[in-house]
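Asks: Residues 51 to 129, numbered by our numbering, are exactly what the sequence shown covers, in order.
Glycine residues also receive a C-beta, built at the ideal position from the N, C-alpha and C atoms.
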Amino acid sequence: MSNTCRKLRSFAGGEEFEPWLEHTTEMLQEWTVPDAEKRRCLIESLAGPTLDVIRTLELSNPGVRVKDCLEALDHTFGV
């Protein structure tokens, strides 16, 4: 995991989702790297069912944007 990616908290679905989403969204918005790099870092921070959601999303749309990934996670794990 790169130094930039290390700034993201890991998430596997068992922790509280909203604080994780808020932190992750803020971090990703601050980074001045291409969306593909942001998506790679996001994926590196995920495990278990959260990673499954994004992998499934990537199957139907290999170039899926980070924003869409976060929306899919919010739809699945949000309140």
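Taking 8 Å as the cut-off, does the stretch 71-84 touch the stretch 104-114 (at least 3 CB pairs, one atom from each stretch)?
Replies: As far as the Cβ criterion goes, the stretch 104-114 does not touch the stretch 71-84, which means the pair count is below three.
Asks: Measuring CA to CA, which of Glu68, Ser60 and Cys55 is closest to Glu121?
Replies: It is Glu68 whose Cα lies nearest to the Cα of Glu121.
Asks: What are the boundary residues of the alpha helix (DSSP H) that Arg90 is part of?
Replies: Counting along the chain, the alpha helix (DSSP H) containing Arg90 begins and ends at Asp85 to Ser95.
Asks: Quick one, are the C-beta atoms of Gly98 and Gly128 less than 8 Å apart?
Replies: No; because the gap between Cβ atoms is not below 8 Å, this pair is not in contact.
Asks: Once the 5 residues before and after Cys55 are set aside, which same chain residues still bring their CB inside 6 Å of it?
Replies: Here the set comprises Cys91 and Glu94.
Asks: Between Cys119 and Lys57, what straight-line distance do the alpha-carbon atoms span, to the nearest angstrom?
Replies: Whole-angstrom Cα-Cα distance: 18 Å.
Asks: Using the Cα positions of His125 and Arg89, report the straight-line distance between them to the nearest angstrom.
Replies: Rounded to the nearest angstrom, the two C-alpha atoms are 18 Å apart.
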